[in-house]
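Quick notes on the structure that follows.
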Ligand SMILES: C[S@@+](CC[C@H](N)C(=O)[O-])C[C@H]1O[C@@H](n2cnc3c(N)ncnc32)[C@H](O)[C@@H]1O
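In the numbering used here, the protein residues as written are 9 to 184.
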């Protein structure tokens, strides 16, 4: 079988042999952000099949976390070669996030891509330090940037928007 994932319900985008929960446009946006900022690490909340983690691990030391491990052996092997660290954990738990952020070199790029993105965004932002960047996926569908809680969190936390392509379905902010 050419594509072992052909019966998995995905957007159809693949990267390094696994289904990718992003458009290629978002990979382009992420590359541009990584190229333009002096980042030391990356944290992805929501690994899924691990394709985006592989992409991030090609650029930066990466920690990726998910409540369950859905990676196949090929992706696990790739992650081990790239030094991508997978943590099976509930990222809605403050203590779990505290442990992860303690291990990230700063400045870091946080990519919020779990299941309740507004809630996750509100949980992640207090861990950010100046120079850190946070991105959130599925803007307009699973994440509403005009939600009053999100708006107030952005303004009181010193987050400034970064340029991004609308077609990427993601938004990015830098903490000043
Ligand atoms: C949209 S997928 C991530 C897609 C992936 N980032 C990519 O681009 O290929 C969302 C993931 O969040 C995970 N998730 C849901 N609740 C979670 C939680 N409480 N803690 C950690 N991960 C969670 C799900 O298991 C799922 O794999």
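A virtual CB, placed ideally from N, CA and C, is assigned to each residue, including glycine.
Residue from the options with nearest C-alpha to residue i
| i | options | result |
| --- | --- | --- |
| residue 2 | 93, 135, 89 and 127 | Residue 2 lies beyond the stretch modelled for the chain, which goes from 9 to 184, so this question has no answer here. |
| residue 53 | 74, 33 and 39 | 74 |
| residue 71 | 33, 28, 110 and 164 | 110 |
| residue 68 | 116, 76 and 25 | 116 |
| residue 48 | 118, 77, 27 and 98 | 118 |
| residue 105 | 30, 51 and 79 | 51 |
| residue 95 | 101, 103, 108 and 102 | 108 |
| residue 101 | 114, 138 and 131 | 131 |
| residue 41 | 142, 19, 164 and 163 | 142 |
| residue 60 | 114, 124, 25 and 123 | 25 |
| residue 138 | 64, 46 and 125 | 46 |
| residue 133 | 176, 88, 180 and 37 | 180 |
| residue 39 | 163, 64, 114 and 125 | 64 |
Paired residues, beta bridge with residue i - DSSP
| i | result |
| --- | --- |
| residue 185 | Missing from the structure shown is residue 185; the chain here goes from 9 to 184 and no further. |
| residue 95 | 73 |
| residue 51 | 71 and 118 |
| residue 145 | 178 |
| residue 151 | 147 |
| residue 23 | 26 |
Nearest-angstrom Cα separation, counted from residue j out to residue i
| i | j | result |
| --- | --- | --- |
| residue 35 | residue 144 | 13 Å |
| residue 155 | residue 22 | 31 Å |
| residue 183 | residue 62 | 25 Å |
| residue 173 | residue 166 | 22 Å |
| residue 90 | residue 98 | 24 Å |
| residue 178 | residue 30 | 9 Å |
| residue 66 | residue 140 | 19 Å |
| residue 135 | residue 28 | 27 Å |
| residue 112 | residue 103 | 15 Å |
| residue 152 | residue 170 | 17 Å |
| residue 160 | residue 121 | 21 Å |
| residue 79 | residue 92 | 12 Å |
| residue 168 | residue 32 | 24 Å |
| residue 57 | residue 77 | 8 Å |
| residue 164 | residue 20 | 38 Å |
| residue 87 | residue 176 | 24 Å |
| residue 55 | residue 162 | 25 Å |
Residue i CB to nearest heavy atom of ligand 2 below 7 Å
| i | result |
| --- | --- |
| residue 76 | In the structure on display, ligand 2 does not appear, and the ligands it does have are ligand 1. |
I want to know whether the region 74-84 touches the region 148-160 - three or more CB-CB distances under 8 Å.
The region 74-84 vs the region 148-160: no contact.
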